[in-house]
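Under full-length UniProt numbering, residues 1 to 320 are what the sequence shown spells out, in order. Positions of the beta carbon are idealized from the N, C-alpha and C atoms, including for glycine.
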Amino acid sequence: MTSDLATALPNVLVIWPNRPSQMAHLEATYKLHRLDLCSNPEEMIETIGDSITAVVTTGIKGLSSDLIKRLPNLKIVASSGVGYDSIDVALCSELGIRVTNTPDILTDDVADIAIALMLAQRRGIVLGDRWIREGCWAQQGPMPLTSSIRGKRLGVVGLGRIGKAIAARVEPMGVEIAYFGRRPQADTVYDFKPELIDLAHWADILVLACPGGEATHHLINAEVLAALGTNGTLINVARGSVVDQQALIDALTTNSIAGAGLDVFTTEPHDGQAFAGLENVVLYPHHSSGTIETRDAMAQLVVDNLEAHFAGRALLTAIN
C-alpha cells in the first residue's frame with residue numbers, strides 16, 4: 001500500500017468525472033485516481049485504497065458500502081447531484097466521513113423538464129413530431145386531439161425545492177395544486193393531502209419530486225396508479241425506485257392511466273425495451289439537470305466543497 005503521503009497532494013478517487021474546466025482544476029490541485037477510466041478497478045483499489053482521502057462521484061453513480069469500507073482514510077465524499085440515496089450516508093456518518101451534494105443549482109432545470117414531460121405527454125408533442133416525419137399528416141390529415149393542462153389538478157409528491165418550482169410554473173396555467181409529503185408545510189397555500197391515495201384520486205397529473213431511498217421505495221404502486229385513473233398522467237423526475245415500474249408498465253399497457261413522462265428508471269442506463277410499443281409514455285434519459293450551465297455550476301460546487309474541506313473550512317452543502 002501507499003507509504004506516508006503527508007507532504008504529497010491529497011489523493012482523490014474519481015468515480016465519475018467533473019466538467020472539463022473543473023476537472024482541470026482538480027488535476028492541478030490533487031492527485032487524481034481515475035476509477036472511471038480504470039480497466040482493473042479491483043487492482044486499483046487494492047493498490048491505492050489506503051491513500052484515498054476524498055471521493056468525487058455523482059448521485060447516480062454513488063459510492064457503495066463495500067467501497068467505503070475499502071477506503072480506510074476517506075474523509076469526504078463530494079457528490080454532484082441533489083440525490084444521495086446511492087451513497088451509504090449512515091455508514092459515512094458512522095465512520096466520520098463527510099458527504100456533500102449540489103442542491104438548489106439544478107432546481108430550475110429539473111422543474112423545466114417536469115413541465116416539458118407534462119406537455120409532451122398531455123399534448124402529444126412526440127406523436128406530433130412523428131406524425132409529420134412519417135407522412136401521417138399528409139396521408140391521414142390532422143393528428144388525434146390531445147388534452148389541455150389548463151384547468152387540471154396537479155398533485156405534487158414531495159413539495160421540496162423542486163416540487164415548489166414545478167408548482168410555481170404550472171400555477172399561472174390555471175392549474176389547481178395539492179401535495180403529499182411527510183408533513184404539511186406552513187409556508188405554502190397549497191392543499192395538503194395526508195394520504196397519497198387521496199392525492200392520486202384527486203389529481204389529473206401526479207408529479208413525483210421526492211427523494212429516493214428505502215422510505216419512498218415503490219411509493220407509487222398498482223393501487224396508487226389505479227386511483228390516478230384512466231385520465232391521469234404520471235410524471236417522474238424523482239428516482240426510478242419511487243415507482244413500481246412493472247405496475248406502471250401494466251397500467252400503461254392496459255390504459256389504466258392515460259400516460260406517463262419519465263426522466264428516471266428502475267435500472268439506468270435503461271434500454272427502453274420495457275416500454276417498447278407504448279405510445280402513451282414519453283421517455284427522457286435521466287437528463288433533467290443536463291444543461292451546460294447547470295452542470296458547470298454543479299461541478300464548481302464539488303470543487304468548492306473539496307477546497308473547503310482541505311482548507312479546514314465549513315462545507316458549503318453538507319448532508320451529514
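**OP:** Starting from Asn236, follow its DSSP beta bridges and name the residues at the other end.
**Re:** Here the question's residue 236 lines up with position 236 in the sequence shown. In the DSSP output, where bridge partners are listed per residue, Asn236 has Leu208 and Leu262.
Subject >> Of the residues Arg295, Ser93 and Phe265, the one placed nearest Gln245, counting alpha carbons only >> reply: Here the question's residue 245 lines up with position 245 in the sequence shown. Ranking the options by Cα distance to Gln245, first place goes to Phe265.
Original post:
Which of helix, strand or coil does DSSP assign to Arg153?
Top reply: By 1-based counting over the sequence shown, the position of residue 153 is 153. In the structure shown, Arg153 falls within a strand segment according to DSSP collapsed to helix, strand and coil.
Original post:
Do Cys92 and Val99 have their C-beta atoms closer together than 9 angstroms?
Top reply: Reading the sequence shown from its first residue, position 92 is the one you call residue 92. Reading the sequence shown from its first residue, position 99 is the one you call residue 99. Yes; because the gap between Cβ atoms is below 9 angstroms, this pair is in contact.
Subject >> Cβ-Cβ distance between Ala258 and Ala227 below 9 angstroms >> reply: Indexing the sequence shown from 1 puts residue 258 at position 258. Indexing the sequence shown from 1 puts residue 227 at position 227. No. Outside cutoff.
Original post:
Roughly how many whole angstroms lie between the Cα atoms of Leu145 and Gly124?
Top reply: Walking along the sequence shown from the start, residue 145 turns up at place 145. Walking along the sequence shown from the start, residue 124 turns up at place 124. Answer to the nearest angstrom: the Cα atoms are 9 angstroms apart.
Original post:
Around the C-beta of Ser288, are 16 or more other C-beta atoms found within 10 angstroms, so that it is buried, or is it exposed?
Top reply: Your numbering for residue 288 matches position 288 in the sequence shown. Looking at its Cβ environment, which holds 16 or more other Cβ atoms inside 10 Å, Ser288 is buried.
Subject >> Under the three-state DSSP convention, the category Glu176 falls into >> reply: Here the question's residue 176 lines up with position 176 in the sequence shown. Of the three classes helix, strand and coil, the one that applies to Glu176 here is strand, per DSSP.
**OP:** Just the C-alpha distance for Gln273 and Thr267, rounded to the nearest angstrom, thanks.
**Re:** Taking the sequence shown and counting its residues from 1, one reaches residue 273 at position 273. Taking the sequence shown and counting its residues from 1, one reaches residue 267 at position 267. If I take the Cα positions, the gap works out to 12 angstroms.
Subject >> Secondary structure of Leu248, DSSP reduced to three states >> reply: Within the sequence shown, numbered from 1, the residue matching residue 248 stands at position 248. Of the three classes helix, strand and coil, the one that applies to Leu248 here is helix, per DSSP.
Original post:
Which residue from Ser86, Leu119 and Gly59 puts its Cα closest to that of Leu106?
Top reply: Translated into the one-based positions of the sequence shown, residue 106 becomes position 106. Ranked by Cα distance from Leu106, the options Ser86, Leu119 and Gly59 are led by Gly59.
Original post:
Which residue's Cα is closest to the Cα of Leu67: Leu301, Gly158, Leu248 and Glu46?
Top reply: As a working mapping, residue 67 is identified with position 67 in the sequence shown. Looking at the Cα atoms, Glu46 is the closest of the given residues.
Subject >> Per-residue burial, Asp250 [other beta carbons within 10 Å of its own, 16 or more giving buried] >> reply: Mapped onto the sequence shown, residue 250 falls at position 250. Burial call: exposed.
Subject >> Lys31: first and last residue of the uninterrupted beta strand (DSSP E) it sits in >> reply: Along the sequence shown, one-based indexing puts residue 31 at 31. Unbroken beta strand (DSSP E) run through Lys31: Lys31 to Arg34.
Original post:
Could you give the distance in angstroms between the alpha-carbon of Ala297 and the alpha-carbon of Leu95?
Top reply: For the purposes of this step, residue 297 is identified with residue 297 of the sequence shown, where counting begins at 1. For the purposes of this step, residue 95 is identified with residue 95 of the sequence shown, where counting begins at 1. Going by C-alpha positions, Ala297 is about 29 angstroms away from Leu95.
Original post:
Taking Glu279 as the reference, which of Trp137, Gly141 and Asp129 has the closest Cα?
Top reply: Taking the sequence shown and counting its residues from 1, the one referred to as residue 279 is at position 279. Selected option, being the one with the closest Cα: Asp129.
Original post:
Alpha carbon to alpha carbon, how far is Arg70 from Val56?
Top reply: Here residue 70 refers to the residue found at position 70 of the sequence shown. Here residue 56 refers to the residue found at position 56 of the sequence shown. Distance between the alpha carbons of Arg70 and Val56: 16 angstroms.
Original post:
Taking all protein chains shown into account, do 16 or more other C-beta atoms lie within 10 angstroms of the C-beta of Leu9, making it buried, or fewer, making it exposed?
Top reply: What you label residue 9 is simply residue 9 of the sequence shown in a count that begins at 1. The residue is exposed, with fewer than 16 neighbouring Cβ atoms inside 10 Å.
Original post:
So, is Ser51 buried or exposed, given that buried needs 16 or more other C-beta atoms within 10 angstroms?
Top reply: Looking up residue 51 in the sequence shown gives position 51. With at least 16 other beta carbons inside 10 angstroms of its own, Ser51 counts as buried.
Subject >> Inter-residue spacing [alpha-carbon to alpha-carbon] between Asp187 and Leu74 >> reply: As a first step, residue 187 is located in the sequence shown; it is residue number 187 there, counting from the start. As a first step, residue 74 is located in the sequence shown; it is residue number 74 there, counting from the start. When rounded, the distance between both Cα atoms is 39 angstroms.
Subject >> Residues near Pro41 in its chain [Cβ-Cβ closer than 6 angstroms; skip 5 each side] >> reply: Taking the sequence shown and counting its residues from 1, the one referred to as residue 41 is at position 41. Once the five neighbours on either side are set aside, the close Cβ partners of Pro41 are Leu35.
Original post:
Are three or more beta carbon pairs between the stretch 164-174 and the stretch 212-231 nearer than 8 angstroms?
Top reply: The stretch 164-174 vs the stretch 212-231: no contact.
Subject >> Rounded separation between Arg239 and His217 - CA only >> reply: Residue 239 sits at position 239 when you count from the first residue of the sequence shown. Residue 217 sits at position 217 when you count from the first residue of the sequence shown. Distance between the alpha carbons of Arg239 and His217 is about 9 angstroms.
Subject >> Rounded Cβ spacing between residue 322 and Arg161 (contact assumed at less than 8 angstroms) >> reply: In the structure as shown, the chain begins at 1 and stops at 320. Residue 322 is therefore absent and cannot be evaluated.
Original post:
Across which residues does DSSP place Leu13 in a beta bridge pair?
Top reply: The sequence position of residue 13 within the sequence shown is 13, counting from 1. Answer is His33 and Val55.
Original post:
What does a CB cutoff of less than 7 angstroms around Arg19 pick up in its chain, not counting 5 residues either side in sequence?
Top reply: What you label residue 19 is simply residue 19 of the sequence shown in a count that begins at 1. Here the set comprises Arg295, Asp296 and Ala299.
**OP:** Taking 9 angstroms as the cut-off, decide whether the C-beta atoms of Ile197 and Gly232 are in contact.
**Re:** Reading the sequence shown from its first residue, position 197 is the one you call residue 197. Reading the sequence shown from its first residue, position 232 is the one you call residue 232. The Cβ-Cβ distance between Ile197 and Gly232 does not fall below 9 angstroms.
**OP:** Count the other C-beta atoms from every protein chain shown that fall within 10 angstroms of the C-beta of Val303, then say buried if there are 16 or more, exposed otherwise.
**Re:** If you number the sequence shown from 1, residue 303 lands on position 303. Answer is buried; the Cβ neighbour count reaches 16.
**OP:** Indicate the three-state DSSP secondary structure (helix, strand or coil) for Ser80 in the structure shown.
**Re:** The count along the sequence shown starts at 1 and reaches residue 80 at position 80. Of the three classes helix, strand and coil, the one that applies to Ser80 here is strand, per DSSP.
Original post:
Are the beta-carbon atoms of Val243 and Leu208 separated by less than 9 angstroms?
Top reply: As a working note, residue 243 is residue 243 in the sequence shown. As a working note, residue 208 is residue 208 in the sequence shown. Going by beta carbons, Val243 and Leu208 fall inside the 9 angstroms limit.
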